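Working notes, structure below.
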């Protein structure tokens with residue numbers, strides 16, 4: 477699954493497109509690498525491309541660690557192989573087992589794609605908490621900023637999944653990190669009208685008074701987007717949290 481999108485403003489999260497190639501490598505694990513030829517410095521662009529194609533085309537169930545190991549053994553440069561979006565194999569590793577093989581072979585867990593996103597952001601889109609934890613434990617930066625100055629927390633809030641958001645916050649994600657428009661993840665939750673992520677953020681220190689480049693706080697942002705119930709609920713949560721101090 478590939479999620480590539482742009483924020484359209486109030487209540488619109490993403491426009492999706494899927495450019496993954498429909499390639500089938502099932503049953504070919506014994507053939508991979510048989511015809512690989514290496515240059516004198518060991519770099520093999522053909523192997524790099526084939527490996528990327530395999531990672532993109534195989535489903536989670538089809539990913540075979542034996543095939544991954546064979547590609548690495550046969551000369552794939554795990555930090556140089558890239559797809560058309562600039563993603564390296566660690567961005568495309570859908571399972572902890574595959575990611576471990578790559579990390580054991582010096583894959584850079586903080587490599588960025590053309591959007592400036594690290595592998596952790598891709599893993600969030602797949603909603604794989606086990607893989608997220610593995611990447612974090614192996615040095616993935618939970619506060620890495622993409623080209624829009626958004627951290628992985630913005631991606632988790634966009635999906636609205638409690639487990640993903642809490643895992644990031646428990647591992648040091650900054651709830652008040654700002655993007656290029658000086659919006660926090662709480663501003664984004666207000667735009668999208670999603671109260672559960674907003675509540676989690678507020679419970680973990682998100683500033684309800686943070687101002688974006690238009691001097692709007694999250695509640696004002698919700699009102700601007702006609703998310704009236706959202707604004708009401710955020711006020712109530714803020715009041716409740718203050719009463720517990």
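Numbering (this note's numbering), first residue to last: 477 to 721.
Note that beta-carbon positions come from the ideal geometry of N, C-alpha and C, so glycine has one too.
Computed from a prediction, not measured in an experiment: that's the story for all the values here.
{"Query": "Residue range of the unbroken alpha helix (DSSP H) whose run includes residue 548", "Result": "541-549"}
{"Query": "Any 3 or more C-beta pairs closer than 8 Å across the region 593-605 and the region 565-572", "Result": "yes"}
{"Query": "Under the three-state DSSP convention, the category residue 583 falls into", "Result": "coil"}
{"Query": "Stretch-stretch touch, CB-based, cutoff 8 Å, three pairs: the region 541-560 with the region 609-622", "Result": "no"}
{"Query": "Where residue 551 falls, given that 16 or more other Cβ within 10 Å makes a residue buried", "Result": "buried"}
{"Query": "Exposed unless 16 or more other CB atoms sit within 10 angstroms - verdict on residue 716", "Result": "exposed"}
{"Query": "Cβ-based burial, residue 530 [other Cβ within 10 Å; buried from 16]", "Result": "buried"}
{"Query": "Nearest neighbour of residue 548, chosen from 536, 562, 576, 538 [CA to CA]", "Result": "576"}
{"Query": "Minimum C-alpha distance to residue 534 - residue among 571, 562, 521", "Result": "571"}
{"Query": "Nearest-angstrom Cα separation, counted from residue 672 out to residue 651", "Result": "14 Å"}
{"Query": "Close beta carbons around residue 656, own chain, < 7 Å, minus the five adjacent residues each side", "Result": "624, 625"}
{"Query": "Option nearest residue 699 by Cα separation, candidates 663, 631, 604", "Result": "663"}
{"Query": "Between the CA atoms of residue 525 and residue 682 - distance to the nearest angstrom", "Result": "42 Å"}
{"Query": "Residue 647 versus 628, 654, 637, residue with shortest Cα-Cα distance", "Result": "628"}
{"Query": "Neighbour-count burial assignment, residue 704, 16 or more Cβ in a 10 Å radius", "Result": "exposed"}
{"Query": "Ordered list of alpha helix (DSSP H) runs contained in the region 664-699, each at least 4 residues", "Result": "671-679"}
{"Query": "Inter-residue spacing [alpha-carbon to alpha-carbon] between residue 521 and residue 593", "Result": "23 Å"}
{"Query": "Local conformation of residue 518 per DSSP, three classes", "Result": "Note that residue 518 scores a pLDDT of 44, beneath 50, so its modelled location is shaky and nothing firm can be said."}
{"Query": "Cα-Cα separation, residue 676 to residue 582", "Result": "35 Å"}
{"Query": "Three-way DSSP call (helix, strand, coil) for residue 705 in this model", "Result": "helix"}
{"Query": "Top-ranked residue by Cα proximity to residue 588, from 653, 694, 557, 680", "Result": "557"}
{"Query": "Spatial distance of residue 695 from residue 608 (CA atoms)", "Result": "30 Å"}
{"Query": "Own chain residues within Cβ distance below 7 Å of residue 606, not counting five before or after", "Result": "572"}
{"Query": "Residue environment, residue 634, which counts as buried when at least 16 other CB atoms sit within 10 Å", "Result": "buried"}
{"Query": "Which of helix, strand or coil DSSP assigns to residue 609", "Result": "helix"}
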